[in-house]
Structure formats: structure tokens, C-alpha cells
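Asker:
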């Protein structure tokens, strides 16, 4: 009976763990995230993906490609590969939103958060973002890990 209780207790404790910003390896399921309309679009549905775009990140603080053109209404599946030895991430947003978030990351590098427009990718691993671009405009994607954004790890998205 003691062992059964210990397993139940351990399982409950494990289920309550939260991971710091840089410690996440896998993208949680969408029901765990805040899904809302943003200025740059809304979380996409995998059944509605119209195009897949491969994005790579590296320790030279660059994304490839650095610019992405998207048609208004497209649902894009980004497959993000970290080719470096450092943790990197891809966060989609407007420049003011990314600037503010990057500033918070410098002050609080272990800040806990996860949104459908971001993916944290461990070295040598891949992750996905599925995003519906239902608003036209010029947006950005960036790595907001402290120092990376400041080093120029930013890309451009234009939705027409």
C-alpha cells in the first residue's frame, strides 16, 4: 500500500511541474496555450495548413530564411530546426511586442511562458509552429533568449 501511495503522489507531483522558458523541449498541445487573435494572426489548425516552411537557427544568431512572404489567409506550418549548440527559439510578432518581450527576457531569463506563436528548440532538435496569417502587414520572428535578439537574431515576414 505504501508503494502505491508513493507512485500516486509522485505522479501528481510530476504532473504539476512547470518548465522554465529555456527548459522546454517539446511544444505542448494547443489546449494548454492561450489562443487568441493577435495583430499578426491566430493559432492555426493542422488540418488547415496550406504550406510548410522550414526555418533553421544557428549559433551565428541567424535564421534561414531571413525573410518570408505569405499570402493573406495562409495557415503555415513552420518546421524549426536548431542547428546550433545553444538553446534558440522562434517567436512571431510585431516589432513593438518582440522588443518588449526581449526586454523582459533580459530581466527575467527563466520567465515561464508558452504561446502558440513561439517554439523553444533545444540544440540539434526541431519544433513546429502552426500559424494562420489572417491579418496583412509586416511582422517579424526572433529569438528572444537574452542576448540573441540584441545580436540581431531576427527575421521578417510580409503578409500580402
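Residue numbers (the working numbering): 155 to 314.
Cβ atoms here follow ideal geometry from the backbone N, Cα and C, with glycine treated the same way.
Predicted model only: the values in this text are computed from it and were never measured.
Leaving aside the five residues before and after residue 255 along the sequence, list all residues of the same chain whose C-beta is less than 6 angstroms from its C-beta, in chain order.
Answerer: 298
Asker: Jot down the residue ranges of each uninterrupted beta strand (DSSP E) in the segment 223-253, minimum 3 residues, whole runs only, in chain order.
Answerer: 229-236, 242-247
Asker: What's the C-alpha gap between residue 211 and residue 191?
Answerer: 27 angstroms
Asker: With residue 209 as the anchor, note down where its beta strand (DSSP E) starts and where it stops.
Answerer: 205-212
Asker: Let me check you understand the geometry: is the CB of residue 243 closer than 6 angstroms to at least one non-hydrogen atom of the ligand GDP?
Answerer: With respect to the ligand GDP, the structure offers nothing, as it holds no ligand at all.
Asker: Taking the C-alpha atoms as reference points, what is the distance between residue 314 and residue 199?
Answerer: Those two C-alpha atoms are separated by around 20 angstroms.
Asker: Is it right to say residue 262 is buried, meaning 16 or more other beta carbons lie within 10 angstroms of its own, or is it exposed?
Answerer: Classification of residue 262: exposed, given that the 10 Å Cβ count is below 16.
Asker: With DSSP as the reference, label residue 273 as helix, strand or coil.
Answerer: DSSP places residue 273 in strand when its eight states are reduced to three.
Asker: When DSSP labels each residue in this structure, what does residue 300 get in the three-state scheme?
Answerer: coil
Asker: Rounded to whole angstroms, what's the CA-CA distance from residue 144 to residue 231? Just pull it up for me.
Answerer: In this structure the chain extends from 155 to 314, so residue 144 is not present and cannot be described.
Asker: Under 7 angstroms, Cβ to Cβ, is there at least one residue of chain D near residue 200?
Answerer: The structure shown contains no chain D, having only a single protein chain.
Asker: Considering only C-alpha positions, which residue in the set 242, 207, 206, 295 is nearest to residue 250?
Answerer: 295
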